[in-house]
Every structure is written in structure tokens, then in C-alpha cells.
Amino acid sequence: MQAYKWIEKAYRHRASDVHFSIDEHPKCRIDGTLRNLDQAVLDRKDCRELARELIGENGALIKKLKQHGSVDFARDVGKIRCRINVYSQRGSLAAAIRLLPEVIPALETLGLPSIVQRFWQIPKGLVLICGPTGSGKSTTLASILNQINQSKPVHIMTLEDPIEYLYPKGRAMIHQREIGSDVIDYRQGLRAALREDPDVLLIGEMRDAETVKIALEAAETGHLIFSTLHTPTADGAIDRMLSLFPDQNQAAQIRQVLSMNLKAVLWQQLLPNKNRTGRVCASEVLVATTAVQNLIRQNEREQLYNFMMTESRFGSQTMEADLLRLWKDGAISDQTAVYFARDAKRMKETLKKS
19 MQAYKWIEKA
29 YRHRASDVHF
39 SIDEHPKCRI
49 DGTLRNLDQA
59 VLDRKDCREL
69 ARELIGENGA
79 LIKKLKQHGS
89 VDFARDVGKI
99 RCRINVYSQR
109 GSLAAAIRLL
119 PEVIPALETL
129 GLPSIVQRFW
139 QIPKGLVLIC
149 GPTGSGKSTT
159 LASILNQINQ
169 SKPVHIMTLE
179 DPIEYLYPKG
189 RAMIHQREIG
199 SDVIDYRQGL
209 RAALREDPDV
219 LLIGEMRDAE
229 TVKIALEAAE
239 TGHLIFSTLH
249 TPTADGAIDR
259 MLSLFPDQNQ
269 AAQIRQVLSM
279 NLKAVLWQQL
289 LPNKNRTGRV
299 CASEVLVATT
309 AVQNLIRQNE
319 REQLYNFMMT
329 ESRFGSQTME
339 ADLLRLWKDG
349 AISDQTAVYF
359 ARDAKRMKET
369 LKKS
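With the sequence shown counted from 1, adding 18 to any position gets you our numbering.
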């Protein structure tokens with residue numbers, strides 16, 4: 019069980035990811051940097067055995083790997099919950115393994131703004147969590163949902179690909195459905211979920227126009243919807259959703275519904291800590307006040323960034339503002355602040371003035 023031994027070793031070293039690949043040392047990612055887990059160099063046979071160990075005798079996963087060249091799934095390795103992607107490359111097999119926290123972190127421990135720590139109290143509407151791969155979106159969502167789970171007697175349904183976090187017993191009733199095994203796709207799962215009396219819905223990712231449309235309909239009819247988008251900014255989430263509707267008339271209709279039902283957008287990034295231990299979270303928040311709703315409705319989305327800069331009293335904030343806070347606290351370096359800023363030139367000028 020060599021894969022398990024290396025995964026457990028990586029977990030003990032606080033790694034976030036493990037990688038197995040031909041002609042490479044087994045590697046893990048610690049604080050954003052890849053490091054060797056072992057001095058062994060993996061050959062084709064090693065990679066095949068490691069993949070077999072991870073997949074096990076699951077015929078459906080084996081079939082999907084053969085058909086599509088990759089397969090994404092989650093499983094427990096001992097007490098460690100892992101999200102695993104096994105894929106083919108250069109005629110061999112490789113694996114990327116995300117190590118998940120043993121316990122879902124409390125919201126207040128994630129380094130997020132106080133407004134985000136109150137997202138769980140929103141009664142209805144759409145909340146988006148955005149950021150690049152590996153930025154902690156899944157952990158943030160799990161923390162928000164678990165806060166609801168521990169606080170409210172409601173029905174929570176999730177659609178995930180794959181299921182990552184398993185929720186402890188709380189006041190809520192939770193049903194988790196996995197794309198590909200419990201339901202064919204997000205669209206079918208979302209339509210079915212609306213017939214299953216949910217109060218809160220988590221949509222792992224909104225990838226197409228139909229899913230966005232159904233999600234907005236669900237928000238409009240009184241449900242609380244959480245989902246993720248891969249966007250480079252908080253206000254960019256609006257553009258990303260509308261870009262899925264090439265027909266101008268349909269896009270205009272979606273814009274109206276979105277303006278009435280969007281509650282907040284969080285965009286987050288994980289940054290190297292100046293002290294070289296762990297990473298810190300920097301975030302941008304767009305709270306959908308009446309003014310923001312009007313800007314979306316009137317298609318003046320270019321003004322949203324200005325709103326985040328000037329209306330912090332409502333909970334909105336720009337990435338630059340949070341980077342400046344982290345820099346002043348000594349958590350990140352000048353170089354990190356500039357590198358992760360939306361506008362590097364403006365960030366440099368801000369640091370000089372501060």
C-alpha cells in the first residue's frame with residue numbers, strides 16, 4: 019500500500035496535494051511549493067500499481083479512465099479524506115491527490131472578512147464563491163454549509179463532482195449527490211433537487227447556461243443557492259454568467275433575474291505566508307446592495323469595481339484592500355502583494371504611500 023504510505027507522510031507534513039508521475043519522484047505541495055516525498059523515481063509499472071491502489075476494484079472508475087483518459091473521485095485513505103484525479107500522460111498513468119482537512123474548519127478560522135462569516139445567515143438568493151483551482155473554494159463552501167448544518171433545522175442538498183467533504187450530524191438534514199454516480203449531470207440533478215423539498219442547494223459548479231438558468235429560478239422561488247465559478251475577480255463573475263447566454267435578449271432577461279437574486283460574490287486566493295509557515299487567504303467581496311443590483315440591471319458592470327473600492331461600509335472590498343491589510347499585518351511580502359493584485363502598478367503605488 020505504497021500510495022497510502024506516501025499520502026499519510028504528506029499529510030503529516032501539512033501538504034495540500036500529492037503527485038505521482040513517471041520518471042519523477044513522488045511529490046507533495048507544501049505551502050504552495052512542490053517538494054519530493056521520497057528519493058525513489060517512479061517507472062511505468064510503479065505508476066500503474068499506484069493508480070490501481072487508488073482506484074481499487076471500482077469498475078465504473080476503471081471504465082471512465084479508459085474512455086476519457088482521466089477520472090475524478092473522492093475516497094478516504096485511512097482517516098484522510100482525499101480528492102483524487104488519475105489520468106493518462108505519455109502512455110503512462112499519473113495521479114494528483116488533494117488532501118482535505120480531517121474536520122471541516124470553522125468559518126472564523128479561514129481568515130475571511132466578517133461579512134463572509136455571515137453568509138450562512140442569508141435566507142434566500144444566490145451566493146457565488148470564486149477563485150482559481152486550489153484557492154480553498156470547496157473548504158469555504160463546506161464551512162458555510164456546516165455552519166448552517168449546526169445552526170438551522172433545514173434541508174440541505176448538494177450536487178458535487180466528486181463529493182469532497184462529509185458533514186457531521188447537526189440540526190440540518192443533508193443529502194449529497196455525486197455527479198456520475200447518483201445523478202447524470204448538474205442540470206438533471208438540479209431539476210430533480212427542486213422536487214425534493216430543499217431549503218439550501220450547493221451546486222458544485224455552474225458550467226452551462228441551463229444550469230445557471232435553473233439556479234436563478236431556484237433562488238427566485240425562495241431557495242438559498244451556493245455555487246462556484248472560475249473567475250479572476252469578484253465582479254468578473256457577473257460577466258462570466260452572462261457570457262453563457264450569447265443571445266442578447268436572453269442575456270438581458272438573465273441580467274434582470276440575476277440583479278434581483280444575487281446576494282454576494284466572494285473571490286479568494288491563497289498566498290504564501292511571509293513567515294514561510296502555511297498560507298494566508300486574500301479575498302475580494304461584492305455585496306449585492308440596491309446600488310449593485312441597479313448597476314447589474316442597467317448593464318453598467320464596469321462600475322462594480324468602483325463600488326467595491328468606495329462602499330466598504332456595506333461589506334464589499336477589493337483584492338487590493340485586503341492585500342494591503344495583509345501587508346500591513348506583516349503576513350505577506352511586497353512582492354506577493356504586487357503579484358496577486360488585480361492592478362500591479364496601482365498596488366506598487368499604494369505600498370509606497372503606506
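Ideal Cβ placement from N, Cα and C applies to all residues, glycine included.
Predicted, not measured: the structure shown is a model, and the values here were computed from it.
| Check | Outcome |
| --- | --- |
| If you reduce the DSSP assignment to three classes, tell me which class L208 lands in. | helix |
| Would you grab the beta carbon distance between G207 and I197 for me? Rounded to a whole angstrom, and I think it's under 8 angstroms. | 7 angstroms |
| Going by other Cβ atoms of all chains shown within 10 Å of its Cβ, with 16 needed for buried, is R294 buried or exposed? | exposed |
| Apart from the five residues on each side of it in sequence, which residues of its chain come closer than 8 angstroms, Cβ to Cβ, to E238? | V275, M278, N279 |
| Alpha carbon to alpha carbon, what distance is there between T308 and P44? | 52 angstroms |
| Touching or not, the segment 282 to 299 and the segment 46 to 64, by the rule of three or more beta carbon pairs under 8 angstroms? | yes |
| Assess contact between the segment 159 to 168 and the segment 249 to 258, defined as three or more Cβ pairs (one per stretch) separated by less than 8 angstroms. Is contact present? | no |
| Examine the Cβ distances between the segment 161 to 175 and the segment 104 to 112 and report whether three or more of them are shorter than 8 angstroms. | no |
| Can you give me the start and stop residues for the beta strand (DSSP E) that D253 sits inside? | First-last for D253: undefined, no H or E at that position. |
| Around the Cβ of H31, are there at least 16 other Cβ atoms within 10 angstroms (buried) or fewer (exposed)? | exposed |
| Helix, strand or coil for Y323 per DSSP? | helix |
| Can you give me the Cβ contacts of P131 inside the same chain, cut-off strictly under 8 angstroms, excluding the 5 residues immediately before and after it? | S301, V303, G333, Q335, D340 |
| Go through its chain and collect everything with a Cβ distance to R195's Cβ below 6 angstroms, but skip five positions before and after it. | L177, V201, G207 |
| For L79, I'd like the list of residues in its chain whose CB is within less than 7 angstroms of its CB, leaving aside the five on either flank, ordered along the chain. | I73, V89, F91 |
| Are the segment 173 to 189 and the segment 315 to 331 touching, with three or more C-beta to C-beta distances below 8 angstroms? | no |
| Can you tell me the Cα-Cα spacing of Y22 and G96, whole angstroms? | 8 angstroms |
| Measuring CA to CA, which of E26, I243, K363 is closest to P119? | E26 |
| Strictly by DSSP, which residues pair up with P290? | R297 |
| Under DSSP, the alpha helix (DSSP H) around M337 begins and ends at which residues? | 337 to 346 |
| Which runs of the alpha helix (DSSP H), 4 residues or longer, sit entirely within the segment 46 to 103? | 62 to 73, 77 to 86 |
| In chain order, what residues of the same chain have a beta carbon less than 7 angstroms from the beta carbon of A33, not counting five sequence neighbours either side? | C46, R47, I48, L117 |
| Should the segment 56 to 65 be called in touch with the segment 133 to 153, which here means at least 3 C-beta pairs below 8 angstroms? | no |
| How many Å lie between R315 and D179 at the Cα? | 32 angstroms |
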